[in-house]
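**Q** Have a look at this one before I ask anything.
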Amino acid sequence: MDGPIRIVSNRLPVTLQRVSGVLERKRSSGGLVSALEPVLTRRGGRWIGWPGLKLQPGESLSDADDPFEIVPVELSTNEVNRYYHGFSNATLWPLFHCFPSHARFEHRDWQVYDQVNARFAERAAEDTHDQEVIWIHDYQLTTAPLHLRRRVPEARIAFFLHIPFPPHDVFRMLPWNRDVLHGLLAADLIGFHVRGYAQNFLDCVQRVLSARVDLRSGLIEHGDRTVQVAAFPIGIDYQGFEQRATNTPSDSELRRQRIVLGVDRLDYTKGIPHRLRAFERLLELHPEHREDVVLLQVAVPSRDQVAEYQELKREIDELVGRINGRFATATWSPIRYLYRSVSQSRLSALYRDADVALVTPIRDGMNLVAKEYVASQVGDPGVLVLSQLAGASETMREAVIVNPLDRDGTAESIHRALTMEEPERRSRMVALQRREREHNVDQWVEGFLTAARTAAVKLAPVTDGDFEAWLGGFVADHRLALFLDYDGTLTPLRRHPSEAVLGPSMRAAVEACAAREDTDVTLISGRALSDIEKLVPVPGVTFAGNHGLEILGPDLAPFRHDDVAYYVGRLEKLAPRLEQVCIEGAWVEEKGASLTVHYREADEAQHEQFAQEIRALIQRAGFQARNAHCAVEARPPIGWDKGHAVLHILRARYGPAWSESVRTVYAGDDHTDEDAFRVLRGLGITFRIGPLDEQTSALRRLPNVDGVQALLEWLARRP
Ligand code: GDG
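Numbering (our numbering), first residue to last: 152 to 870.
Written out as structure tokens, the structure is:
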């Protein structure tokens, strides 16, 4: 499978710059481009991304002999500030690298970020073909999958995160954490560099969204969809680096010294100051390296408009100055510091000729420099000193592994690397090279795309074991008050409410629960009480209609909220006014104490404007307008909802101390059930039915009506 691919990433592989009014194309820097550009060059396809500046009329980004199509997404200055410098690099980057103190949280940044993500998705959706995977990359585009899914529901969407995914304790600090998860979960496959990040992600999805997750197989239940999560450690263009290292001539001046090499974008995650201090310590502890060894640090300018990066640059400048001032002699300086990027061939020569590579980030998704160094060791093998905090250390275990925050330990490890005998150096390097040669970038792309093209195995449906774990201890030896919504919970949502008829097996499950002497079942719905009574003709059940404004059930005094009478007449007058403005396919359902305007069958393009108009009319008539699934409800402004109704029933039936004698379980699929979920938080066990898109206060999720039936069958059978 070597066909063309479609890539969406923040940066294109080329960045444009205007120098004295003339447009110049430059290769973009960074790990993502290094990894993917050679692959797309070979396979062809389309790369969608930001070119780095605004094109003027008549200017083009493409070159006639580009091996693949380049599709620019242009950004305004404000968007670059908010989306790129702001939310991407000053919020997600520090937070995901576990530097929360560096993170800023600005609502406007988030809004622009999401808008820009929608724009990327719009371009990515153009000319999509069946079966073609759309591969979205990295933290700048976490909500693009959701925008794309809305435009092309059938698309195969895959996402890869190039940076770490943080543990829940850090991730939950993000005020938009749910939105980021919802954005990502629209993809079919979500890839990370290492298992640890995938596990963090699964844990966050489970805890933040109450989703059902299989940690072992990496599957997430998202309504009727299943999302696959897995680790795909990235590789490099091994042959390319090996060949360049073989063919590039030596720098004779450099060959005279022993070189310890650092190559990084100038970023606080890369631990450059720590590295400089460790090198200083080496010179203190092992003076024999003075006048013999040089630390050559290449720091590629990066994000230099963000304050944090400017400060870091100052810190490094000062450190280099201080250490050089302290140890330099007339003929030798311990640190050579290049604040610029070097050419590919020069980089290859540096890699090849360095005796030691110091790859010591404080946190790094993977780190390609470690791999590129290994591939370039075509002569006398050098030694890789690698941080245990880089993703790369998960596989590159033959490196000398260090904790970069341990200054003395790192200094000793550099010493060990500089004094390591040839047989050990070779043994380590051969093992490292074998792995990187085999797991190169082509293999990474192939493995990822194969997984992306393969539909995820469905997460096995909820089992009795799941219910036993969630509810077993809670309901044991207690009376059970079971609350069930109707539409979307006991029956799938239909185009018209009259089509939502209770299926025989679901009916049997409700009956079986209601027949138990220790279980009280309440049907709680937005429908009129008389309607819901007819739909669920099960003896012994309590009915709460109109979101609980009317309640009828055994051992309960019939309840109708006192204020309902006042509003019924007004609703009768409101109904014809709403009917008048109904567009084709929309209609009004009168329910006595409330009414609903349905528009599921109306032209989808008109949904939003129509709903807005209806909401305005309802509010002007003095009613509350509440959104439901393709419907707007007019409710009397009584301050009574499903939450109040649940509490009313529990108190009336079991007394004020009800929580001591009865266990409450509630299942619902709608916004209106959220009122009950909130009231029952900490008191009962609640289930929100449906996909994970909507926020919920429920404790758990069930994917669909089948999940509810399994729940009821388990409750009916419980000991
Ligand atoms: C992100 C993640 C993950 C550096 N200086 C020069 C130069 N480079 C090239 C290197 C390497 C790339 O830049 C840096 O890649 P890293 O992986 O080290 O780091 P990030 O840019 O932060 O990349 C990282 C990566 O994505 C891939 O998934 O590994 O964890 O943070 O390829 O060679 N290239 C040239 N001159 C330089 O001066 N030509």
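C-beta atoms are modelled at their ideal positions from N, C-alpha and C, and glycine is treated no differently. Keep in mind the model is a prediction, meaning the values are calculated, not measured.
Helix, strand or coil: how does DSSP classify residue 161 here?
**A** Looking at residue 161 - three-state DSSP - the assignment turns out to be strand.
**Q** At which residues does the alpha helix (DSSP H) containing residue 732 begin and terminate?
**A** Where residue 732 is concerned, the enclosing alpha helix (DSSP H) stretches over 715 to 732.
**Q** Between the Cα of residue 601 and those of 383, 215, 667, spot the shortest distance and give me the residue it belongs to.
**A** The residue with the shortest Cα to Cα distance from residue 601 is 383.
**Q** Ignore the nearest five residues each way along the sequence and tell me which others in residue 389's own chain have a CB closer than 7 Å to its CB.
**A** Counting only Cβ-Cβ distances below 7 Å, and skipping sequence neighbours, we find 526, 587, 588, 591.
**Q** Pick helix, strand or coil for residue 424, following the three-state DSSP scheme.
**A** If DSSP states are grouped into helix, strand and coil, residue 424 belongs with the helices.
**Q** Can you tell me whether residue 394 is helix, strand or coil according to DSSP?
**A** Helix at residue 394.
**Q** Tell me, to the nearest whole angstrom, how far the beta carbon of residue 697 is from that of residue 679; I am working on the premise that it is less than 8 Å.
**A** The Cβ separation is near 6 Å, so the contact holds.
**Q** Three or more beta-carbon pairs under 8 Å between the region 500 to 508 and the region 530 to 538, yes or no?
**A** With a cut-off of 8 Å, the region 530 to 538 and the region 500 to 508 count as touching, because enough Cβ pairs lie within range.
**Q** Within 10 angstroms of the Cβ of residue 316, are there 16 or more other Cβ atoms? Answer buried if so, exposed if not.
**A** So residue 316 counts as buried.
**Q** Fully enclosed by the region 212 to 288, which alpha helix (DSSP H) runs are 4 residues long or longer?
**A** 244 to 247, 258 to 275, all fully within the region 212 to 288.
**Q** So within the region 762 to 840, which uninterrupted alpha helix (DSSP H) runs reach at least 4 residues, ignoring any that extend past its ends?
**A** You should have 793 to 805, 809 to 812, 824 to 831.
**Q** Any heavy atom of ligand 1 closer than 6 Å to the beta-carbon of residue 517?
**A** Yes, since a heavy atom of ligand 1 falls inside the 6 Å radius drawn around the Cβ of residue 517.
**Q** Quick one: what does DSSP say residue 169 is sitting in, helix, strand or coil?
**A** Residue 169: strand per DSSP, three-state reduction.
**Q** Taking three-plus beta-carbon pairs below 8 Å as touching, is the region 481 to 489 in contact with the region 454 to 464?
**A** Counting Cβ pairs under 8 Å, fewer than three are found: no touch.
**Q** Rounded to the nearest angstrom, what separates residue 334 and residue 572 at their Cα positions?
**A** Going from the Cα of residue 334 to the Cα of residue 572 covers about 51 Å.
**Q** On the DSSP bridge assignment, give the partners of residue 563 in chain order.
**A** According to DSSP, which records beta bridges pairwise, residue 563 is partnered with nothing at all.
**Q** Using CA atoms only, rank isn't needed, just tell me which of 236, 273, 187 is closest to residue 222.
**A** Comparing Cα-Cα distances from residue 222 to each of 236, 273, 187, the minimum goes to 273.
**Q** Give a yes or no on whether the C-beta atoms belonging to residue 640 and residue 375 are separated by under 7 Å.
**A** No. Outside cutoff.
**Q** Alpha carbon to alpha carbon, how far is residue 495 from residue 544?
**A** Distance between the alpha carbons of residue 495 and residue 544 is about 24 Å.
**Q** Where does the unbroken beta strand (DSSP E) through residue 343 begin, and where does it stop?
**A** Run containing residue 343: 340 to 343, per the beta strand (DSSP E) assignment.
**Q** Quick one: which unbroken beta strand (DSSP E) runs of 3-plus residues sit fully inside the region 527 to 564? Chain order, please.
**A** Correct list: 534 to 538, 551 to 553.
**Q** Would you say residue 314 touches ligand 1, meaning its beta carbon is less than 6 Å from a heavy atom?
**A** Under cutoff, so the answer is yes.
**Q** Could you name the residues that DSSP lists as bridge partners for residue 659?
**A** DSSP lists no partner for residue 659.
**Q** Compare the C-alpha of residue 746 against each of 688, 493, 753, 775 and name the closest.
**A** Comparing Cα-Cα distances from residue 746 to each of 688, 493, 753, 775, the minimum goes to 775.
**Q** On the three-pair Cβ rule with 8 Å, is the region 730 to 742 touching the region 801 to 810?
**A** With a cut-off of 8 Å, the region 801 to 810 and the region 730 to 742 do not count as touching, because too few Cβ pairs lie within range.
**Q** Please classify residue 610: is it buried, with 16 or more other beta-carbons within 10 angstroms of its beta-carbon, or exposed?
**A** Buried.
**Q** Count Cβ pairs between the region 440 to 455 and the region 398 to 418 that sit closer than 8 Å; are there 3 or more?
**A** Touching, yes.
**Q** What are the boundary residues of the alpha helix (DSSP H) that residue 898 is part of?
**A** Residue 898 lies beyond the range of the chain shown here (152 to 870); nothing can be said about it.
**Q** Could you check how far apart the C-beta atoms of residue 509 and residue 552 are, in whole angstroms? I think they sit under 8 Å.
**A** Not confirmed; about 12 Å, so no contact.
**Q** Are residue 160 and residue 288 close, meaning C-beta to C-beta below 7 Å?
**A** For residue 160 and residue 288, yes; Cβs fall inside 7 Å.
**Q** Under the rule that 16 or more other beta-carbon atoms within 10 Å means buried, what is residue 425, buried or exposed?
**A** So residue 425 counts as buried.
**Q** Could you check where the beta strand (DSSP E) with residue 310 kicks off and where it finishes?
**A** First-last of the beta strand (DSSP E) with residue 310: 307 to 311.
**Q** Between which two residues does the beta strand (DSSP E) containing residue 372 stretch?
**A** That run of the beta strand (DSSP E) goes 370 to 373.
**Q** Residue 710 to residue 856, Cα distance in whole Å?
**A** In a straight line, the C-alpha of residue 710 is about 29 Å away from that of residue 856.
**Q** Is residue 512 closer than 7 Å to residue 148 when the C-beta atoms are compared?
**A** As displayed, the chain neither begins before 152 nor continues past 870, which places residue 148 out of reach and without an answer.
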